[in-house]
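J.:
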Amino acid sequence: MNDLTNSFQKPFSDELRALGTDPVSAKAYYDEGWFALEREAVFKRTWLNVGHVCELPEPGSFIVRDLEFARASIIIARGKDGEIRAFHNVCTHRGTQLTQAKEGKAATFSCPYHRWPFGMDGKLLSAPDFERFYIADKSTCDLARVSVDTCAGLIFVNLDRNPKQGLKEFLGPMGEMISTLPIGRATTYDEYVYDIDANWKVTFDNFQENYHLRFVHRRTNGAPALDSKPNPFHYPVAYDVFGPHRMDTSPGGGIPEPEAKPLVGLLLGKLGEQVMADGLVGGPHDQDYFIFYPNLYVFGNPTMHFTHLVMPLSAGKSRGVFRFYWIGDDRTAQERMARELALSFAREIHVEDCETIASAQRGIESGAISHVHFQEQEVLCRHLLASVQAQVADYLKEQGQ
Amino acid sequence: MTAQASLPQGFAALEPFVAYWAAPSLAERDTRRLDSTEAQRLAFYDAAKSIAPPACDYLNAKAFAAYDEADHRLLDLMLGLIHVALAVEIERGEEHIHARGARLMPIVRERRSPRAMAPA
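Line by line, the protein sequences are chains A and B. Residue numbers are given in the numbering used here: position 99 of the first sequence equals residue 99, and the series is strictly consecutive. Add 401 to the 1-based position in the second sequence for the numbering used here, that's all there is to it.
1) Pull out every residue of the region 489-510 of chain B whose Cβ sits closer than 7 Å to any Cβ of chain A, in chain order.
2) Using DSSP's beta-bridge definition, name the partner residues of serine 318 (chain A).
3) So, isoleucine 196 (chain A) versus cysteine 354 (chain A), is the Cβ gap smaller than 7 Å?
4) For arginine 501 (chain B), tell me which candidate among B:Ala488, B:Arg512, B:Arg510 and B:Val509 has the shortest Cα-Cα distance.
5) For the alpha helix (DSSP H) containing serine 387 (chain A), name the first residue and the last one.
6) Does the beta carbon of arginine 512 (chain B) sit closer than 7 Å to a beta carbon anywhere in chain A?
7) So, is serine 451 (chain B) buried or exposed, given that buried needs 16 or more other C-beta atoms within 10 angstroms?
8) When you compare the CB of alanine 448 (chain B) with every CB in chain A, is at least one pair closer than 7 Å?
9) Give me the residue from A:Leu384, A:Gln399, A:Asn199 and A:Pro244 with the minimum Cα distance to glycine 363 (chain A).
10) Looking only at its own chain, which residues have a Cβ that is under 7 Å from the Cβ of leucine 167 (chain A), when we skip the five neighbours before and after it?
11) Counting contacts by CB-CB distance shorter than 7 Å, is arginine 447 (chain A) in contact with chain B?
12) Measuring straight from C-alpha to C-alpha, what distance separates asparagine 49 (chain A) and glutamate 176 (chain A)?
13) Is arginine 246 (chain A) closer than 7 Å to isoleucine 291 (chain A) when the C-beta atoms are compared?
14) With a CB to CB cut of under 7 Å and the five nearest residues on each side skipped, what residues in its chain are close to aspartate 121 (chain A)?
15) Measuring only between beta-carbons, confirm whether glutamine 334 (chain A) sits less than 7 Å from chain B.
16) For tryptophan 326 (chain A), which residues in chain B fall below 9 Å Cβ to Cβ?
17) Here's the rule: buried if 16 or more other CB atoms are within 10 angstroms of the residue's CB, otherwise exposed. What is alanine 453 (chain B)?
18) Short check: CB of histidine 305 (chain A) to CB of phenylalanine 322 (chain A), under 7 Å?
19) Would you please verify whether the beta carbon of alanine 471 (chain B) is less than 7 Å from any beta carbon of chain A?
20) Pairing CB atoms from the region 120-138 of chain A with CB atoms from the region 158-174 of chain A, are three or more of them under 8 Å?
21) With distance defined between alpha-carbon atoms, name the residue in A:Asp205, A:Arg218, A:Asp31 and A:Ile74 nearest to tyrosine 293 (chain A).
22) Where do the ends of the alpha helix (DSSP H) carrying glycine 33 (chain A) lie?
23) Can you name the start and end residues of the beta strand (DSSP E) that tyrosine 239 (chain A) belongs to?
24) Using DSSP with H/G/I as helix, E/B as strand and the rest coil, what is glutamate 191 (chain A)?
25) Say whether the region 24-32 of chain A touches the region 372-392 of chain A, bearing in mind that this needs 3 or more beta-carbon pairs closer than 8 Å, one atom from each stretch.
26) Scan the region 276-357 of chain A and note each continuous beta strand (DSSP E) run of 3 residues or more that stays entirely inside, going in chain order.
27) From glycine 272 (chain A) to glutamate 492 (chain B), what distance separates their C-alpha atoms?
28) At which residues does the beta strand (DSSP E) containing proline 117 (chain A) begin and terminate?
29) For leucine 98 (chain A), which residues in the same chain have their Cβ closer than 6 Å to its Cβ, ignoring the five residues on either side in sequence?
30) Does DSSP classify phenylalanine 109 (chain A) as helix, strand or coil?
31) Who are the neighbours of alanine 397 (chain B) on chain A, taking C-beta pairs under 7 Å?
As structure tokens, then:
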């Protein structure tokens, strides 16, 4: 062992030790049958991040999110009373989708087919020729509600009509931790997305282990680009788990050698100054990476303050959504440049990430290996799979299987 | 704006780069980078790297509300330079590999620009 390896805090909490050290079956990363179980047992009954309250600034504001794994389209709207509610984007008459918009402001949603109008609280207001229907109680035709709640400004929905846990209970202590981050005060954001030919866990796992950093991130992160002595490989110094959620603390991300990167170095220096000036540095979670089950990362770092959501599309396809959250409009040229650099530099890194993920999927799908190996620094990948397996087992038990 | 001077006084050396590199949105600035040749990037980078600090000081000393079109254009050009600097200093000879991947990771949403905030 060298000094670098010694600087890595071995993640041997009792909970992590209980996960064992065996290779894990590769099947969960491509099998259609297993994915069908995950859709039902995990994604259709777990709180999922779909947006941020800054997208619903005033009464009547709404956003529409497609959840492909459930073939569902969900409207999230702020009502006249200021309450945020979520509904299926489905007219209760004959099922037509009420809107094709992705966002907007409205007083009502009116079905394009027969003009059934619904209030922003989901109530059916009236309907043409309603007396000709055979419906005794109009309120039975209100839009189908979806459970919704917020934490640190992030909006979560749960397709389970009666979630077993409220959002706060589900997120646990990590929910309280992220409530201190700038994201809770964000008013605007930038977003970039990618679709990738990989199972959602293969995609997600890439972002919860640091083992690959020095190999995949040769251009952006490999020494000497972002040399951060004494931890140039960004080994995590701590892992923690809270139920199905996990955390990783990884110091690193220094300023590049100025002689090699004069302009980027100068700009990164300005970015640091800006974040300092904004009073965002020095929080307890600046180096923490919050990983919420099943598919959300929140990066505590105030310099590159982003969330990353990985949505399953099919057994072998997923979609990543990166969002950079900011407090307030850009106020000065320096702030505008700092934010553009923060996002662009992070995207530089994320482009590298996506260069190998689909290749891993193709290899796994070939069936050539029955198992995959996780080393100690990949223990969070092991923890995700174990958490999914536990939820699927509970589901099967409930279904009497 | 005047046709003769599209940038504020003192930054005339950057005029040849305005037409291509001063794009008004983050997504467009990224696209310009990905669509550019190495020669285009190096020409802009070499011309702009020493002018960038005074240009940023100039832009920073003014409130957005006081910006005229030339100021907005210089800011867009400096924002474009961020993308070029990443290509030249980080990606170097492997920019084509980055470009291939970056096209699959489009910027789909961006916060409002100072132009959109400016009083009518």
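Every residue gets a Cβ at the ideal spot worked out from N, C-alpha and C, and that includes glycine. Keep in mind the model is a prediction, meaning the values are calculated, not measured.
T.: Let me spell this out:
1) Identification of residues in the region 489-510 of chain B having a C-beta nearer than 7 Å to some C-beta of chain A yields Glu490, Ile491, Glu492, Glu495, His499, Gly502, Ala503, Leu505, Met506, Pro507, Ile508, Val509 and Arg510, given in sequence order.
2) The partner list for serine 318 (chain A) (beta bridge, DSSP) reads A:Ile196 and A:Pro312.
3) Cβ distance < 7 Å, so isoleucine 196 (chain A) and cysteine 354 (chain A) count as in contact.
4) B:Ala488 is the residue among B:Ala488, B:Arg512, B:Arg510 and B:Val509 whose C-alpha sits nearest the C-alpha of arginine 501 (chain B).
5) Element bounds for serine 387 (chain A): 379-398.
6) Look at arginine 512 (chain B): its C-beta is under 7 Å from a C-beta on chain A.
7) Burial call: exposed.
8) Alanine 448 (chain B) is outside the set of residues whose beta carbon lies under 7 Å from a beta carbon in chain A.
9) Residue A:Asn199 is the option with its Cα nearest to glycine 363 (chain A).
10) For leucine 167 (chain A), same chain residues with a beta-carbon under 7 Å away, outside a window of 5 residues either side, are Trp47, Asp149, Cys151 and Phe156 in chain order.
11) Residue 447 (chain A) cannot be examined here, being either before or after the span of chain A that is shown, 1 to 401.
12) Going from the Cα of asparagine 49 (chain A) to the Cα of glutamate 176 (chain A) covers about 16 Å.
13) Yes; because the gap between Cβ atoms is below 7 Å, this pair is in contact.
14) These residues qualify, in order along the chain: Gly79 and Arg85.
15) Flagged as an interface residue toward chain B: glutamine 334 (chain A), by a C-beta distance shorter than 7 Å.
16) Arg512, listed in chain order.
17) It counts as buried.
18) No, the Cβ-Cβ distance between histidine 305 (chain A) and phenylalanine 322 (chain A) is not below 7 Å.
19) For alanine 471 (chain B), the answer is no, since every Cβ of chain A falls outside 7 Å of its Cβ.
20) A contact between stretches requires three or more CB pairs, one per stretch, nearer than 8 Å, and the region 120-138 of chain A fails this requirement with the region 158-174 of chain A.
21) The shortest C-alpha to C-alpha distance from tyrosine 293 (chain A) to any of A:Asp205, A:Arg218, A:Asp31 and A:Ile74 is the one to A:Asp205.
22) For glycine 33 (chain A), the uninterrupted alpha helix (DSSP H) run begins and ends at 32-38, by DSSP.
23) Counting along the chain, the beta strand (DSSP E) containing tyrosine 239 (chain A) begins and ends at 238-242.
24) If DSSP states are grouped into helix, strand and coil, glutamate 191 (chain A) belongs with the strands.
25) The region 24-32 of chain A is in contact with the region 372-392 of chain A.
26) Runs found: 288-292, 296-299, 306-314 and 317-326.
27) Between glycine 272 (chain A) and glutamate 492 (chain B), the C-alpha separation is close to 22 Å.
28) Boundaries of the beta strand (DSSP E) around proline 117 (chain A): 117-119.
29) The beta carbon of leucine 98 (chain A) sits closer than 6 Å to those of Asn89, Cys91, Phe109 and Cys111, all from its chain and outside the five residues before and after it, given in chain order.
30) Secondary structure at phenylalanine 109 (chain A): strand, using DSSP grouped into helix, strand and coil.
31) What is shown of chain B runs 402 to 521, which leaves residue 397 (chain B) out entirely.
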